[in-house]
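A short write-up of the structure that comes next.
And the structure:
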């Protein structure tokens, strides 16, 4: 499904910028490193995790 079918709100919420902001807030709240990961899914292209990725290809950013 082309990303043009998604709403502007979904695009903003699924953006790297939003994921990085969430990762930053989680890092401050938990004290644990956070990782912004590439998923390959057009609906959710990035996600945040406190678990290190299996491969470096998934890693976009690490919040220390």
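In our numbering, the protein residues as written are -13 to 50. Every residue gets a Cβ at the ideal spot worked out from N, C-alpha and C, and that includes glycine. Computed from a predicted model, the values in this text were never measured in an experiment.
Which residues in the same chain have their Cβ closer than 7 angstroms to the Cβ of residue 23, if we skip the five residues on either side of it in sequence? Here residue 23 refers to the residue found at position 37 when the chain shown is read from its first residue. Around residue 23: 32, 33, 35, 39, 44, 45, 46.
**Q.** For residue 47, the residue or residues it bridges with in DSSP
**A.** Residue 47 sits at position 61 when you count from the first residue of the chain shown. Paired residues: 22.
If I measure Cβ to Cβ from residue 6 and keep anything under 8 angstroms in the same chain, skipping five residues before and after, which residues do I get? Numbered from 1 along the chain shown, position 20 holds the residue referred to as residue 6. Hits under 8 angstroms: 22, 47, 49.
Among the residues of its own chain, which have a CB less than 7 angstroms from the CB of residue 8, if the five just before and after it don't count?
-> The residue you call residue 8 lines up with position 22 of the chain shown. Here the set comprises 34.
query = What is the rounded straight-line gap between the Cα of residue 18 and the Cα of residue 11?
reply = Taking the first residue of the chain shown as position 1, residue 18 is located at position 32. Taking the first residue of the chain shown as position 1, residue 11 is located at position 25. The straight-line gap separating the alpha-carbon atoms of residue 18 and residue 11 is approximately 11 angstroms.
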